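Heads up: the structure comes next, in C-alpha cells.
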Amino acid sequence: MLSGFTCILMLAVGQATEAVDLRSFAEIWCMDCHEEPRAKGDFDLEILMERVESGEAPDGLSRMLDRLTRRDMPPPDVERPDEAAYGTAIRQVQQLIQDHARTMTDTPRGTIARRLNRFEYANTLRDLLQVDLDVEDRLPVDEIGDGFDNSGDALSISPLLLEKYFSIAELASLRAFPEPGAIDPEVRTWSGDELAAEGAARLRGGEWRMNSRSTLRTRFTTESGGPYVLRALVRGQQAGPEPVRMAFFLGDERLDTFVVPDGLDVTQVIQIEHDLSPGSHVFGVAFLNDYYNPEAPDPDQRDRNAVLERIEIAGPQVPAFPSPAQIRLVEQFGALRGPLTLKKMVRELAERAWRGPVDSEAVDRLCALGTARDTPWTRVRDAMTAILVHPRYLFRLEPGDAVGNTSVRPLDDWELATRLSYFLWSTMPDDTLRSAAAAGELRTTEGRRRQIERMLADDRIHALGDHFATQWLQIRTLTELRPAESLFPDVDAALLDSMDEETRRFFNEMIADDLPISRLLDADWSWVDSSLAEHYGIPDVEAGGFRKVFLEGEHGSTGILRHASVLLATSNPTRTSPVKRGKWILEALLDDAPPPPPPGIPNLPDTDHLKEGATLRQIMEQHRADPNCSACHLRMDAMGFALEGFDAVGRYRTQQSNGMPIDDLGELPDGTLLQGALGLRDELLAKDSFVRFQRSLLKNLMIYALGRGIDDRDEATLDQLTARLGTDPSLRQMVVEIIESPAFLYRFDSPDAMMEEGGHP
Amino acid sequence: MSNSGRQLDRRSVLRGLGTAVALPWLEVMTPDRFARAGSALASAPVLTTSPLRSAFLFIPNGVDVESWYCSGLSDPYQPIPGGRDYQLSDSLAPLAPMREKFSILSGLDHRNAKALGDGPGDHARSAACFLTGAHPYKTSGRDIQVGISVDQFAAQHVGAATALPSLELGCEPALQSGSCDSGYSCAYSANISWRSKSLPNLKEIRPRDVFERLFGFGAPGEAEQTRARRLAMRKSILDFVRSDTRRLNDRLGVDDRQRMAEYTDSIRSIERRIERYEQETFDPEAFESNRPVDGIPSDYREHVRLMNDMLVLAFRIDQTRIATFMLANEGSNRRFPFIGVDEGHHHLSHHKGDPAMIEKIRKINHFQSEALLDLLVKMDSVEESDGSLLDNSMLLFGSAIADGNRHNHDNLPLILAGGGRGTLSPGRLIHHDPGTPVCNLFVSMLQRMGVPTTSFGDSTGMLETI
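Chains as they are written, first to last, in the working numbering: chain A, 449 to 1209; chain B, 2 to 467.
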C-alpha cells in the first residue's frame, strides 16, 4: 500500500537546489536556537535538513511551515528575515511537502469514526421514528474541526453527552411506540400554594377564594408542541346584574372569557383547547367582574365571588396509538402479537438505525432486555432505546475486515449509502438508497450516479446549503450577531434570519439549476423577502415569502459578494471592516489565509465617526507604512476596500456615515486596481484567482464530505479532481467527482495505525 | 370590595411562579424536602464531619488590574504585615460583606499560557491553561491536546465518593465557528475542565438540565415505580452496548478505538450513578415543584445566579464534591446592558488606555464580584454539622489573563475562598514571589482533597501561604 515510498530517491534529485536554499535560510535564521545540543522545543533543524537533503520529507517540515507561515518564528524580539525571504522559504517547504505527497497518492489519511453531530442526530431520529423532539436544542453545540462541525476528529463523546442521548432515546421510544389504549395525554394539576396569586385572592381550605378582581397563575413547560387542553375547576357566587366572568390568560394574552353559573356547591369545569409551542408558559385564570353592594336587600345579592379549586393542563392532545412508526411496522409485519413479529420489527428498526445488517444474536439480545411481564410494545421501546444509544447508531463506524486487520478496502454497500446520505442530506439513507445498497447498485459508477442524481433533486439536498455553505462562507453565527442598535435600528433577529436564508436559497439554486460556480461571484439576481428587499432598497417585493429578483445597477451582478449575510458577518458592529472582508475573501474564497497579526498591534477604533475627517483609508495607510503589516495587508485591504460600497449591514451606499464619499478603490501589491465590487469580482474571475477559488471550494467541499481535514497527502487527489472538472464546473459536478474519488469510496487506515505498521519514514 | 385579602408582594408572586430572582432555592428547598427528593442525605450514612468540596470559577478576558488589585498593591510584591489590613479595591468592593471568608492571592503565574513560540492566541491558551497548567497544542481541530485539569485529576482520585465525580457548569455554549483565537480550536476557549489531555469535559449551561441531572435522570411527572424500572432498564442496556462495543473494538483502528474508549468511559460513569440512585428515594412532587424553568434565562444575571444555585445544591446534597463554573467562555464578547455596557466584553478589554472603555471593564469586574458574592453568601448560609458549606469548601475564582489589554499571564487575579474545612485561613491578602506557579496552589489544594501528589502541571512545590 505504501508503494509511493519507492519514489523517494527520484525525488531527491529534483529537490537538491531547493534544499540548499532552505538550508542557508535555516542556518541563518533558525539554527542559533534549533540545533543540538540545546535545540529549543526539541526541534533540531540540522537533523531535519539532513533528512531533507537525503530525499525525505519528514513530518518536521509541516511544523516548520506552520511556524513560518504564522510568522511565529523567529520570535519577534530577535532579528527576523524580510518578507521576501519568508516567502521564498515558505514556498520551498510547501514544494517539498507537496512533491512528497504526490508520490503517495494511494494512502490518503483515513476518516475516523464520526459521531453524528446534533443536526445529523436530529434528522436521523426524525426520519427513523417520525417524532419531532427539538433535539437540536437539547444537545450541546458540537466542536468544530477543520472549519466544519461534522469532523470526526472533533466529535468526541463524554458522560454528559451520553446521558443526554439516553434521555432523548427514552423519550423518543416513548413517543414512537405508545401502548394501545394508553392514549390519554399527560395531565398536570396545580392547586393551593402551587399557584401564585395577584390581587385579592385568599387560600382557604386548599381552595382559592377570589373575592375581588384577581388572577392565579402557574408556570409550566411543554416538552413538545401541539394542542393542549387548559382547564380550571371553579365555582361561582352570583350577585348583581351580571353572572361571574372569568378569563384565561397565556402570559399577557387573554385567550378566552367564560361565564360561570351560580352555585357555590357545584364545581364547574371551564376549558379551552389551545396550541402551545414547546417551552415555558405562564397560564393564568382571572376573576374579572367583582361586585360588592352591602346595601342590597337580598343578602345573597350583595357579593359576587369566584372560587378556584385547581388548574389542569392536559396535552399534547394527539391520538397516541398507533403512531406513524407503529403503522409503518404493522403494515410491514402485521400486528404485534408474538415474539416472531417482535423480532422482525426490532431487526428492521436496528438495521435502519444502524445503517447496516444486524445479526440474529443481536436481535435476540435486543428483544430480551426486559422481563416476561412486559407488553410487546414495551419490549419494542426498550429495544429502541438500546438501539439509539448504541455506538453503531451514534457513530458512523467503518470497521476493518476482521480481527486486527485494518487494511485499505473499498467501502461496503451500507457504508457507501451512509456516506452518500450524510454528505448530501445530513441524515440516514432513505428506503430507496437502502434498496440500491442491498441490490449492490452502489458498487458501480452508473448505480451511484443514479442515486446521486436522485438525491440532488430531492429537497433534503438543502442540507448542503444549511450546513456546508453557511460554514464555508463563515456565516454560521450570523443570526447571533448584533449590529449596533443605535446605528442600525432596523436590523433585528428576523432580518438576520432573512439574510441567512438569502444565501442558503441562492446556494440551493446553484445546485438545483446546475449552475457553474462562477455564478457564485457574478450572479445578477438573488432571493429576498419583503423585509430584506426593503433593507436593500429593492422596490415592489410584497410580503409573503422569498422570491427571486434581478438586480440592477453596477453593483448588481456580483453574486455572494453583495449578500448582506457575508457583508454583515465581516463587519464590526458599528462600521465596515475592510480588513475582515479582505481576510474573508482570502480565507474562504481563495484558501489563502493570511497569518494572524503579530502580537502588540492595536486594532482600529471601532467607530465610523472618524475623527477630524480622517477616512478609514487614511488610518489604514499605516498598514502600508509598516513592513510588518504591509506584506499581508496590502492584498487584504485592497480587496476589502473594493467592498466599501456596502455598509456594515450590507446596504449599498454612496457615502460614509461621516459624510465622506465612498472610497472603494483597492490597489493590489502588483499595481492592479480594483474599483468597487465589480472590480473585485473581475479580479476573482480572472484566471489565477479563479483557479484558486475553484480549488478552495473543492477543498472545502471535500473536507465536509470526508469529515476530516485535508492535508498534504490529499494534494494529488485535489490535482486529479481539478483536472477532471475543467474550468468553471458546477457544484453538482464537484459533488460527483468527490464521491467518485478513492478518498470517498475507500476506507483507509487512520494515520496512527499507519505509523505503527512502520510505513512512514 | 369585600375582603381586602392577603397582599402578596411581587417577590412572593415570582417565587411562587418559579422564576424567583434572588435566592430561591435556599428558601424554597428545605433540607428535609430535599432529603426526600432523592438526595444522598436520605440514604447515605450520616457523616460525622462534612466532606471538603472544591469549586473552580473562571472569568474571561482578564481584568482591569488597576481597579482589581488592592490598595497597597501598586507594588504587588510588597508584603503587608499580617495581610489582613488590606483595603478592598473598587472592583472587589461588593465582596466586603464576606471579606473574612476569602483571600486574595497575588503574584501567581501561568507560564504555560504564554506564547512560548506559538505566536498569538493568548485567550485560547489562558482558558486551556487555567486548570491544567499545561501549554495547549496549536491546532484548529485535529490533535487537540493540553493536559488533564486539576478538578479532573482530583475527581479521578476521590470522585468515586459521590454520584457525580464532578460537575461542569457554564453560561455559554461552545462556539459554532472553526477557530476562536488565532488558529486555536474553540475547544480551548470554551472549556476549563479536561478529562484527559485531549478530551474537554462538556459543560452544562441550562439550569434545569443540571437540576435533573442532580436528581438522577428524573423525568417530568414520573412515578417512583416507573423511574425505578427505567433505571433498571438503563443498566441492562448499558450492559448490552458495553459488550457490543468490546466486540466492535477488535475491528477498529487506533483512532476509532480511542473514541470508543471515551464511549466506554461514559458508560461506566452512568452505571456508577445509576447504582447510587437506586439506593435513594425520590419524591417526584418535590422534584417537580422545584425544577427551574426550561431554557436559558435571557437575563445573564439570573442565569449566573441560577447556576450558582445549582452549584450550591449539588454540594449541599453531596451529589458531587468537585465543580467548575465558567461564567463565560474565554474571549467572550458578551454585552452587559443591565449595567450600561453595550459593547462586547472582549472588545472592551482591549481598551488601549481609553478611559471610557476602562470604566466599562470596571463595571464588568464589579458585576463579577457580585456574582461571586452571591455564591459565597449562598454557600455560607447552608449550615452543616460543623460550620457552613463555605467553611467546608475551597473555591478558586479568577482568570488566567491578568490585564485584558496586555494579555499577560503573571500576577493573575485570583481569589481563594472558603475555609477548606479548617485548612485555610481566609481573610487575607497573600503575596507570593514573582514567578510562583499557580500549579503550586493546585498541589496544595489536591493534597487537602486527599489526592496523594506532590506535583501537578508545572508546579515547583506547594503553596504554604494559604
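In this text, a Cβ means the ideal position worked out from N, Cα and C, and glycines have one as well. Computed from a predicted structure; not experimentally measured.
Meets three-Cβ-pair contact criterion under 8 Å: the region 1170-1188 of chain A and the region 1147-1156 of chain A: yes
Validate contact between the region 1074-1090 of chain A and the region 1030-1045 of chain A using beta carbons, cut 8 Å, 3 pairs: yes
First through last residue of the alpha helix (DSSP H) which encompasses aspartate 575 (chain A): 566-577
Test: arginine 566 (chain A) CB closer than 7 Å to a CB of chain B: no
Cut-off 7 Å between Cβ atoms - residues of its own chain near threonine 50 (chain B), not counting five sequence neighbours on either side: Asp387
Under 7 Å by beta carbon: chain A residues contacting methionine 261 (chain B): Pro839
Pair within 7 Å by beta-carbon distance, leucine 842 (chain A) and arginine 563 (chain A): yes
Beta-carbon neighbours of glutamate 527 (chain A), restricted to chain B and to distances below 7 Å: Neighbours of glutamate 527 (chain A) on chain B: none; closest Cβ ~16 Å, over 7 Å.
Of the residues B:Asn202, B:Asp119, B:Thr140, B:Gly160, the one placed nearest methionine 327 (chain B), counting alpha carbons only: B:Asn202
8 Å contact criterion, which phenylalanine 998 (chain A) and tryptophan 973 (chain A) should meet: CB distance rounded: 5 Å
Interface partners of methionine 380 (chain B) on chain A, CB under 8 Å: Neighbours of methionine 380 (chain B) on chain A: none; closest Cβ ~24 Å, over 8 Å.
Three-state class that DSSP yields for isoleucine 759 (chain A) in the structure shown: strand
Cα-Cα separation, serine 725 (chain A) to arginine 292 (chain B): 20 Å
Backbone CA spacing between glycine 1127 (chain A) and aspartate 582 (chain A) [nearest angstrom]: 45 Å
C-beta contact flag for aspartate 1176 (chain A) and proline 964 (chain A) at 7 Å: yes
Amino acids of chain A, ordered along the chain, whose beta-carbon sits closer than 8 Å to that of asparagine 202 (chain B): Ser606, Leu608
Contact with chain A by serine 167 (chain B), beta-carbon distance below 7 Å: no
Simplified DSSP assignment, three categories, for tyrosine 613 (chain A): helix
Buried versus exposed, by CB contacts within 10 Å (16 or more), phenylalanine 35 (chain B): Unreliable positioning characterises phenylalanine 35 (chain B) in this predicted model, as indicated by a pLDDT of 41, which lies under 50. The coordinate reading is nonetheless provided below. Buried.
C-alpha gap between tyrosine 278 (chain B) and proline 522 (chain A), whole angstroms: 57 Å
For alanine 734 (chain A): DSSP bridge partner residues: A:Thr663, A:Ala695
Leucine 1116 (chain A) to aspartate 1085 (chain A) span [Cα, whole Å]: 9 Å
Close-in-space but distant-in-sequence residues of the same chain around arginine 422 (chain B) (CB under 6 Å, 5 per side omitted): Leu53, Asn393
Alpha carbon of isoleucine 775 (chain A) to alpha carbon of aspartate 266 (chain B), nearest angstrom: 38 Å
Contacting positions in the region 309-340 of chain B - beta carbon closer than 9 Å to chain A: Arg336
Pair within 7 Å by beta-carbon distance, proline 166 (chain B) and leucine 374 (chain B): no
Alpha-carbon spacing of aspartate 152 (chain B) relative to serine 389 (chain B), whole angstroms: 22 Å
Positions along the region 808-825 of chain A whose CB lies within less than 8 Å of some CB in chain B: Ala810, Arg813, Leu814, Leu817, Gly818
Reduced DSSP secondary structure (H/G/I, E/B, other) of alanine 114 (chain B): helix
Integer Cβ distance of leucine 132 (chain B) from serine 194 (chain B), believed to fall under 8 Å: 7 Å
Per-residue burial, glycine 140 (chain B) [other beta carbons within 10 Å of its own, 16 or more giving buried]: For the sequence presented, residue 140 (chain B) should be read as threonine rather than glycine. Under this definition threonine 140 (chain B) is a buried residue.
Proximal residues of chain A, C-beta to C-beta of valine 66 (chain B) below 7 Å: Under the 7 Å cutoff, chain A gives no residues; its nearest Cβ is about 18 Å from valine 66 (chain B).
Residues bridged to phenylalanine 596 (chain A) (per DSSP): A:Gly593
contact_flag[the region 901-913 of chain A, the region 975-993 of chain A] where n(CB pairs < 8 Å) is 3 or more: no
Integer Cβ distance of tryptophan 920 (chain A) from arginine 953 (chain A), believed to fall under 8 Å: Not confirmed; about 16 Å, so no contact.
Backbone secondary structure at phenylalanine 625 (chain A) - three-state DSSP: coil
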